[in-house]
Amino acid sequence: MTGSKKLTNSDYRKTTLRSYFLQNGFNYSNYQGLGYALLMYPAFKKLYGHDKKKLAENLSENTEFYNTNPNLIPFISSIHLAMADSGMEYSEIRGIKMALMGPLAGIGDSLSQFCLAPLFSTIFASLAMNNVAMAPVFFLLAINATLISIKFAMGAYGHKLGTSMIEKLSSKMSLISDAASMVGVTVIAGLAATFVKMKVTLTYASSAKAAKGATTSTVDIQAMLDKVAPALLPVLYTLLMYYLIKKRHWTTYKLVILTVVVGIVLSALHILGA
Amino acid sequence: MQITIIQALLIGLWTAFCYTGMLWGIYTNRALVLSFGVGVILHDIPTALAVGAVSELAFMGFGVGAGGTVPPNPIGPGIIGTLMAITMHGVTPQSALALSIPFAIAIQFLQTFVYTLGAGLPEAANNALKAQKFGKFRFFSNATVYLFATVGFLLGFLGAFSMTTLKSLVGMIPDWLLTGLSVAGGMLPAIGFAMIMSVMLKKEFIPFALLGYALAAFLQLPVIGIAIIGLVFALKHYFDVDGKEEAAPATAATASTKDEEGSRDDWI
Numbered sequence: 032m033t034g035s036k037k038l039t040n041s042d043y044r045k046t047t048l049r050s051y052f053l054q055n056g057f058n059y060s061n062y063q064g065l066g067y068a069l070l071m072y073p074a075f076k077k078l079y080g081h082d083k084k085k086l087a088e089n090l091s092e093n094t095e096f097y098n099t100n101p102n103l104i105p106f107i108s109s110i111h112l113a114m115a116d117s118g119m120e121y122s123e124i125r126g127i128k129m130a131l132m133g134p135l136a137g138i139g140d141s142l143s144q145f146c147l148a149p150l151f152s153t154i155f156a157s158l159a160m161n162n163v164a165m166a167p168v169f170f171l172l173a174i175n176a177t178l179i180s181i182k183f184a185m186g187a188y189g190h191k192l193g194t195s196m197i198e199k200l201s202s203k204m205s206l207i208s209d210a211a212s213m214v215g216v217t218v219i220a221g222l223a224a225t226f227v228k229m230k231v232t233l234t235y236a237s238s239a240k241a242a243k244g245a246t247t248s249t250v251d252i253q254a255m256l257d258k259v260a261p262a263l264l265p266v267l268y269t270l271l272m273y274y275l276i277k278k279r280h281w282t283t284y285k286l287v288i289l290t291v292v293v294g295i296v297l298s299a300l301h302i303l304g305a
Numbered sequence: 003m004q005i006t007i008i009q010a011l012l013i014g015l016w017t018a019f020c021y022t023g024m025l026w027g028i029y030t031n032r033a034l035v036l037s038f039g040v041g042v043i044l045h046d047i048p049t050a051l052a053v054g055a056v057s058e059l060a061f062m063g064f065g066v067g068a069g070g071t072v073p074p075n076p077i078g079p080g081i082i083g084t085l086m087a088i089t090m091h092g093v094t095p096q097s098a099l100a101l102s103i104p105f106a107i108a109i110q111f112l113q114t115f116v117y118t119l120g121a122g123l124p125e126a127a128n129n130a131l132k133a134q135k136f137g138k139f140r141f142f143s144n145a146t147v148y149l150f151a152t153v154g155f156l157l158g159f160l161g162a163f164s165m166t167t168l169k170s171l172v173g174m175i176p177d178w179l180l181t182g183l184s185v186a187g188g189m190l191p192a193i194g195f196a197m198i199m200s201v202m203l204k205k206e207f208i209p210f211a212l213l214g215y216a217l218a219a220f221l222q223l224p225v226i227g228i229a230i231i232g233l234v235f236a237l238k239h240y241f242d243v244d245g246k247e248e249a250a251p252a253t254a255a256t257a258s259t260k261d262e263e264g265s266r267d268d269w270i
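Chains W and A supply the protein sequences, listed in that same order.
When we follow this note's numbering, the leftmost residue of the first sequence carries the number 32, and every step to the right adds one.
When we follow this note's numbering, the leftmost residue of the second sequence carries the number 3, and every step to the right adds one.
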């Protein structure tokens, strides 16, 4: 491992602060992917700036799908930077980046959405009801002070962990990255089954006989599909996308247009519903 | 009460800032905060606080969900509701909250539409990178912010300037298009997952993809549970291979001594 060590503590702090930009390019095809590349941009520029092609490649690779909690992302970005700074390629880092995505999203979302936000929200809303005019300002100060402390603590911890991990385990890195990819693939497959939503709302009446008193039983197609396998359509659609990317080399533009058209048409025909 | 054009512009800017703050995760897009700004701009903080507090508690449960799901938007009560309570006669904080719910839902669809519109951004950003145009890459990577700021400004400004115009604009969007877009919005993540899989999925990882699917779809485990079970197999793999590698040099060494002995036998 030829450690070049181009990054200083201030680069890590800067990247931690840039975690506020994680959703600046949020969209429905790669979620926080663009934001991830964006927040790494200054640090990457320092690492690969002499080589424009490599910088562009690294940024481009990092625009792939990402979705995690914006308050815990400094942990991931610091580990990523520590590894990249010691000369590792993205292919060796990706596994860990992807493996951390799901768990940190889970922990971070429960922390900020189910704990901090409701807590501060109730406290300051009741203050406002008692005519404390500055309650909204205090609300903003309190929640943001808490969140930024979390960000910096996570960033510093990730930096430390990333550096020690490399020193201790550099010889086993490909094995670790394989193991991390296994967790990553498991989590991403699980997310695909839950995040991608397709619901058949079409039902048809099965009784052809319009005899008096005959109960028309409607057949719910979605319920039938769920009995075959839950999340069957989302998985099949993801596989179709996979096929089009891998074998047909479709660009995202084409895939997005196809998806939007299919979505609108199938919903207009009342086959799929929200 | 009459709202001046300057006040309408200020409310537009305030809404743009707060709405964009949602992307930054700074909690400005909350009913309590949104309405406070309207109160300051229109010099009626008590009414604004009352609407804000009631709506904050009512909307507390929304906004909870996995990243990327779009809940009814607090701009409904926070901006539109507060405007109603301050400018219209006889509108209480509670009725302002109720009256603004359709707006909260319409804005929710609007946001889905913005995210869907943004689905083309990754391709544009990657093309910019291919041409090594880093400025362009940064523009596309920030584009959701620009879209949010524009949408927020228009909502705040139109709401303050002419409530009736806003109402008719919301009514103009056909229902089939709205539902169609949210159906498409539900399907779009498939592209992102397929993109990662196209890079990460080696043949030997296929069992893990099946594992993840089964855990999520059949057992409905939360993502942390899925990660832990994935980790069990990953660690098992790690220790198996690691153990073999440690044992391997030793066997190789014994093999070579045997070889040496063998050849010596031959030699003798």
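Glycine included, every Cβ here is placed at the ideal spot set by N, Cα and C.
Next on the checklist: On the CB-based measure, 16 or more other CB atoms within 10 Å of its CB, does T217 of chain W come out buried or exposed?
Outcome noted: buried
Checklist entry - So does the stretch 33-46 of chain A actually touch the stretch 77-85 of chain A, counting three or more Cβ pairs closer than 8 Å? => result yes
Checklist entry - Nearest chain A C-beta to L192 of chain W closer than 8 Å, yes or no? => result no
Item to check | T22 of chain A, enclosing alpha helix (DSSP H) - first and last residue | outcome: 7-26
Item to check | Cut-off 7 Å between Cβ atoms - residues of its own chain near A280 of chain A, not counting five sequence neighbours on either side | outcome: The displayed coordinates of chain A run from 3 to 270. Any statement about residue 280 of chain A would go beyond what the structure contains.
Checklist entry - According to DSSP, is G161 of chain A helix, strand or coil? => result helix
Item to check | Collapsed DSSP secondary structure at T234 of chain W in the structure displayed | outcome: strand
Item to check | D82 of chain W: first and last residue of the uninterrupted alpha helix (DSSP H) it sits in | outcome: Counting along the chain, D82 of chain W falls outside any alpha helix (DSSP H), and DSSP gives it neither H nor E.
Checklist entry - Which residues of chain W have a Cβ atom closer than 7 Å to the Cβ of S200 of chain A, listed in chain order? => result Y273, I276, K277
Next on the checklist: List, in chain order, every chain W residue whose beta-carbon is nearer than 9 Å to that of N31 of chain A.
Outcome noted: Going along chain W, no residue has its Cβ under 9 Å from N31 of chain A, so there is no contact; the nearest lies around 11 Å.
Checklist entry - Can the beta-carbon of M24 of chain A be found closer than 8 Å to that of Y268 of chain W? => result no
Checklist entry - Three-state secondary structure (DSSP) at L99 of chain A? => result helix
Checklist entry - When we look at the beta-carbon of C146 of chain W and count the other beta-carbons within 10 Å, is it buried (16 or more) or exposed? => result exposed
Next on the checklist: I'd like the list of long-range same chain contacts for Q96 of chain A, defined as Cβ closer than 8 Å, with 5 residues on each side in sequence excluded.
Outcome noted: V56
Checklist entry - From A:E206, A:A52, A:P191, pick the residue whose C-alpha is nearest to that of M272 of chain W; which is it? => result A:P191
Next on the checklist: Quick check for students: name the residue ranges of the alpha helix (DSSP H) that lie wholly in the stretch 181-230 of chain A, counting only runs of 4 or more.
Outcome noted: 191-202, 208-219
Next on the checklist: Taking the straight line between their C-alpha atoms, what separation do you get for A166 of chain W and A184 of chain W?
Outcome noted: 27 Å
Next on the checklist: Can you check which of these residues, W:L297, W:I107, W:Y79, W:M119, is closest to Y355 of chain W by C-alpha distance?
Outcome noted: With chain W covering only 32 through 305, there is no way to say anything about residue 355 of chain W.
Checklist entry - How about A108 of chain A and V214 of chain W: are their beta carbons less than 8 Å apart? => result no
Checklist entry - Whole-angstrom Cβ separation of V42 of chain A and A87 of chain A, contact assumed at under 8 Å? => result Between A87 of chain A and V42 of chain A the Cβ distance is about 15 Å, and since that is not below 8 Å, they are no contact.
Next on the checklist: Is the beta carbon of I13 of chain A closer than 8 Å to that of F159 of chain A?
Outcome noted: yes
Checklist entry - Under 8 Å Cβ-Cβ, which residues of chain W neighbour N144 of chain A? => result F52, N55, G56, L69
Item to check | Residues sharing a beta bridge with N58 of chain W, DSSP | outcome: W:Y62
Next on the checklist: Cutting at 7 Å between CB atoms, please list the residues of its own chain near K191 of chain W, excluding the five before and the five after it.
Outcome noted: none
Item to check | Simplified DSSP assignment, three categories, for V227 of chain W | outcome: coil
Next on the checklist: Using the three-state DSSP reduction, which class does Y97 of chain W fall into: helix, strand or coil?
Outcome noted: strand
Checklist entry - Buried or exposed: where does L38 of chain W fall if 16 or more other Cβ atoms within 10 Å of its Cβ makes it buried? => result buried
Checklist entry - Would a check of beta-carbon distances place R125 of chain W closer than 8 Å to chain A? => result yes
Next on the checklist: Considering only the alpha carbon of each residue, which of A:H91, A:S164, A:V93 lies closest to I7 of chain A?
Outcome noted: A:S164
Item to check | Three-state class that DSSP yields for V163 of chain W in the structure shown | outcome: coil
Item to check | 6 Å CB neighbourhood of L276 of chain A in its chain, flanking five on each side removed | outcome: This structure leaves residue 276 of chain A out entirely; chain A is present only between 3 and 270.
Checklist entry - At a cut of 8 Å, does the stretch 141-155 of chain W reach the stretch 165-182 of chain W through at least three beta carbon pairs? => result yes
Next on the checklist: Mapping the DSSP letters down to three states, classify D46 of chain A as helix, strand or coil.
Outcome noted: coil
Item to check | Of the listed residues W:S117, W:S50, W:L206, nearest to P105 of chain W (C-alpha basis) | outcome: W:S50
Checklist entry - Going by alpha carbons, who is nearest to L119 of chain A out of A:L99, A:L149, A:E206, A:R140? => result A:L149
Next on the checklist: Is there a C-beta anywhere in chain W that falls below 8 Å from the one on D244 of chain A?
Outcome noted: yes
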